[in-house]
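Engineer: When the letters of the sequence shown are read in order and numbered with mature numbering (1 follows the signal peptide of the UniProt record, and there is no 0), they come out as residues -20 to -1, 1 to 301.
Below you will find the structure I want to go over with you.
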Amino acid sequence: MRATRRLALGLAAAPFAARAQPGRYPDRPVRIVVPFAPGGPTDVMARVLSAGLTAALGQPVVVENRGGGGGNIGAAHVARSAPDGTTLLVVSTGFVVNPSLFRSPGYDPVRDFAPVTELGASPNLIIAGAQSGIRSLADLIAAAKARPGGLDMANPGTGSTPHLTAELLRLRAGIEFVQITHASAALAVQSVLGGVTPAGVAALPPAQPHILSGAVRALAITSAERWPDLPDVPTMQELGYPGFVSETFQALLAPAGTPPAIIDRLAGDSFATLAEPATRARLRAAGFGVEPRGPAALAERIAREVPLWRDIIRQAGIPSE
C-alpha cells in the first residue's frame, strides 16, 4: 500500500511540474495563514510545509496564525487577499463545516478559494482516561445508557470533526451524553488525561502520544482501516457501525483568481516537500497520513464534504451561530 501511494504521489506531481510556468513568482516573501492558534495539528502541518516551500520557492515562506471564530477569521482574511500567490491558507476540516455551522462565516469555501492540494488527513479517536474504568466502546455505551445525559465527553471545539464524530456516535448508538467543548485539541486531550472528563473524541495527532504511553485508552478509531501505529485499536466499522468513517484533513488553498501557473507551481512544490522520506516519517509519527492529490481532488473533496457535514449538523440538531 505504501509503495502504491509513493508511485501515485510521483505520477500525480508530474503534470503540475510540467505545466507550471509562473515566471518570476514569487518575487517576495509568502505567507501561509493558519486560522488557529500555534501548536495544533493544522499549525504543525503548515510549518512542515513552509520549510519545504521556502527551499523550493527561493523566498521565505512564513506561517502567520490568525485564530478566532472557529477558523473563520483567518479564512476570511485570505479570501480577501490579493490572488498573487503570496498569501495562502492551510485549513482543516472546519473549513467545510463552518459554512453550515455559522450563519455568516465570512467566506464561501467554493467561490472564494482556488484549491491547491490536500496535504494529509488524520482519523479521529474515541478515547477514555486510563483511570476512568472505561476499557472499550461497549463500556462507554453502557455507561451512557446507565446515566442518560450524565456522561461527559470532551471535544476540541464546536463544529470540529471530533465534536461532530461524537454527535454521530450519539445518533448511531442511541445514547445521550454531555459534550464538553474546549478551546483546542490539546486541552481536550488533557481533560481526559487528567480525569476531568472520563472520555472524549480527538483527532489522532494530539492523542497518539498519550495512547502510546498508556495514559489514555483508545476505544475505537474512525479510519476505514486500522492505523499502522495503533494496530490494536479497532475501527468503528469493525465494532458494528458500517460507514462510520470520519477524519480531519489539512489542505492548502489560495484566494480565488490566483493564476493557474502559480497554483500548479505550489501544488508541485508541495508534492515534492511531502514526498521527502524524512518529512513523511515525521508527519506519520505525528499522526498524519500524507495524501496530496492536487487541485482537482481537493475541489472534489470540498464539494463532497460541505453537504456531508451539513446533514450531520442538521440531524444532530446543532444550531447555527
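All C-beta atoms, glycine included, are put in the ideal place defined by N, C-alpha and C.
Beta-carbon separation of residue 228 and residue 161 under 8 Å?
Structural biologist: One-based indexing of the sequence shown puts residue 228 at position 248. One-based indexing of the sequence shown puts residue 161 at position 181. Not a contact, by the Cβ cut-off of 8 Å.
Engineer: Leaving out five residues on either side along the sequence, give the residues of the same chain with a beta carbon under 6 Å from the beta carbon of residue 18.
Structural biologist: As a first step, residue 18 must be located in the sequence shown, where it is residue number 38. The answer, listed in chain order, is 45.
Engineer: Can you give the Cα-Cα distance for residue 1 and residue 97, rounded to whole angstroms?
Structural biologist: Residue mapping note: residue 1 aligns to position 21 of the sequence shown, counting from 1. Residue mapping note: residue 97 aligns to position 117 of the sequence shown, counting from 1. Caution applies to residue 1, whose pLDDT of 48 falls short of 50 and renders its modelled position unreliable; the value that the coordinates give is listed next. In a straight line, the C-alpha of residue 1 is about 18 Å away from that of residue 97.
Engineer: Which term fits residue 147, buried or exposed, when burial requires 16 or more other beta carbons within 10 angstroms of its beta carbon?
Structural biologist: Working through the sequence shown from its first residue, we reach residue 147 at position 167. Buried, by the Cβ-count rule.
Engineer: Return helix, strand or coil for residue 232, following the three-state DSSP convention.
Structural biologist: Here residue 232 is taken as the residue at index 252 of the sequence shown, counted from 1. Correct three-state label for residue 232: strand.
Engineer: Does the region 54 to 69 come into contact with the region 277 to 289, if we say contact requires no fewer than three beta-carbon pairs (one atom in each stretch) closer than 8 Å?
Structural biologist: Touching, no, given that fewer than three Cβ pairs across the two stretches are closer than 8 Å.
Engineer: Does residue 249 pass the burial test, meaning 16 or more other C-beta atoms within 10 Å, or should it be called exposed?
Structural biologist: Sequence index remark: in the sequence shown, residue 249 carries index 269 (1-based). Buried, since its Cβ has 16 or more Cβ neighbours within 10 Å.
Engineer: If you follow the beta strand (DSSP E) that residue 311 is part of, which residue opens it and which one closes it?
Structural biologist: Residue numbering for the chain in the displayed model covers -20 to 301; residue 311 lies beyond these limits and cannot be assessed.
Engineer: List the DSSP bridge partners of residue 11.
Structural biologist: Counting from 1 along the sequence shown, the entry for residue 11 is found at position 31. Partner(s): 42, 67.
Engineer: Starting from the C-beta of residue 106, find all residues in its chain whose C-beta is less than 6 Å away, skip the five residues before and the five after it, and write them out in chain order.
Structural biologist: Taking the sequence shown and counting its residues from 1, the one referred to as residue 106 is at position 126. Counting only Cβ-Cβ distances below 6 Å, and skipping sequence neighbours, we find 181, 199, 200.
Engineer: What are the start and end residues of each continuous alpha helix (DSSP H) run of 4 or more residues lying completely inside the region 159 to 230, in chain order?
Structural biologist: As far as the region 159 to 230 is concerned, its whole alpha helix (DSSP H) runs of at least 4 residues are 165 to 173, 184 to 193.
Engineer: Would you mind stating whether residue 233 and residue 71 have Cβ atoms separated by less than 8 Å?
Structural biologist: The residue labelled residue 233 in the question sits at position 253 within the sequence shown. The residue labelled residue 71 in the question sits at position 91 within the sequence shown. Yes. Within cutoff.
Engineer: So, do the region 163 to 182 and the region 111 to 122 have three or more beta carbon pairs nearer to each other than 8 Å?
Structural biologist: They touch, by the three-pair rule.
Engineer: Can you have a look at residue 260 and say buried or exposed, based on whether 16 or more other CB atoms are within 10 angstroms of its CB?
Structural biologist: Here residue 260 refers to the residue found at position 280 of the sequence shown. The residue is buried, with at least 16 neighbouring Cβ atoms inside 10 Å.
Engineer: Can you tell me the Cα-Cα spacing of residue 210 and residue 194, whole angstroms?
Structural biologist: As a working mapping, residue 210 is identified with position 230 in the sequence shown. As a working mapping, residue 194 is identified with position 214 in the sequence shown. Rounded to the nearest angstrom, the two C-alpha atoms are 12 Å apart.
Engineer: State yes or no: is the C-beta of residue 268 within less than 8 Å of the C-beta of residue 30?
Structural biologist: Along the sequence shown, one-based indexing puts residue 268 at 288. Along the sequence shown, one-based indexing puts residue 30 at 50. Not a contact, by the Cβ cut-off of 8 Å.
Engineer: Measure how close the beta-carbons of residue 183 and residue 163 come, nearest whole angstrom, since I'm counting them as under 8 Å.
Structural biologist: Counted from its first residue, the sequence shown places residue 183 at position 203. Counted from its first residue, the sequence shown places residue 163 at position 183. Not really, about 15 Å apart at Cβ, beyond 8 Å.
Engineer: Mapping the DSSP letters down to three states, classify residue 24 as helix, strand or coil.
Structural biologist: Start at 1 with the first residue of the sequence shown, and residue 24 comes out as number 44. Helix at residue 24.
Engineer: Spell out the partners DSSP gives residue 105 in its beta bridges.
Structural biologist: Translated into positions along the sequence shown, residue 105 becomes position 125. For residue 105, which the question treats as bridged, DSSP gives the partners 182, 201.
Engineer: Comparing alpha-carbon positions, which option in 208, 91, 289 lies nearest residue 264?
Structural biologist: The residue labelled residue 264 in the question sits at position 284 within the sequence shown. Minimum Cα distance to residue 264 is reached at 208.
Engineer: So, using beta-carbon positions, are residue 21 and residue 186 closer together than 8 Å?
Structural biologist: Residue numbering aside, residue 21 sits at position 41 when the sequence shown is read from its first letter. Residue numbering aside, residue 186 sits at position 206 when the sequence shown is read from its first letter. Yes, they are a contact pair.
Engineer: To which residues of the same chain is residue 131 closer than 6 Å at the C-beta, ignoring the five residues directly before and after it?
Structural biologist: The sequence position of residue 131 within the sequence shown is 151, counting from 1. Cβ within range, chain order: 123, 124, 157.
Engineer: Quick one: using the 10 Å Cβ neighbour count with 16 as the cut-off for buried, is residue 294 buried or exposed?
Structural biologist: Counting from one through the sequence shown, the residue named residue 294 turns up at place 314. Looking at its Cβ environment, which holds fewer than 16 other Cβ atoms inside 10 Å, residue 294 is exposed.
Engineer: If you draw a straight line from the C-alpha of residue 75 to the C-alpha of residue 159, how long is it?
Structural biologist: As a position in the sequence shown, residue 75 is number 95, starting the count at 1. As a position in the sequence shown, residue 159 is number 179, starting the count at 1. Cα-Cα distance, rounded: 21 Å.
Engineer: Determine the closest residue to residue 244 out of 274, 226, 220, with distance taken between C-alpha atoms.
Structural biologist: As a position in the sequence shown, residue 244 is number 264, starting the count at 1. Closest option to residue 244, Cα to Cα, is 274.
Engineer: Look at the alpha carbon of residue 220 and the alpha carbon of residue 238, and state the distance between them as a whole number of angstroms.
Structural biologist: On the sequence shown, position 240 is the one that residue 220 refers to. On the sequence shown, position 258 is the one that residue 238 refers to. The straight-line gap from Cα to Cα measures roughly 45 Å.
Engineer: Just how far apart, CA to CA, sit residue 252 and residue 213?
Structural biologist: In the sequence shown, residue 252 corresponds to position 272, counting from 1. In the sequence shown, residue 213 corresponds to position 233, counting from 1. Roughly 32 Å between the two C-alpha positions.
Engineer: Rounded to a whole number of angstroms, what is the C-alpha to C-alpha distance between residue 24 and residue 143?
Structural biologist: The residue given as residue 24 occupies position 44 in the sequence shown. The residue given as residue 143 occupies position 163 in the sequence shown. One C-alpha to the other measures close to 21 Å.
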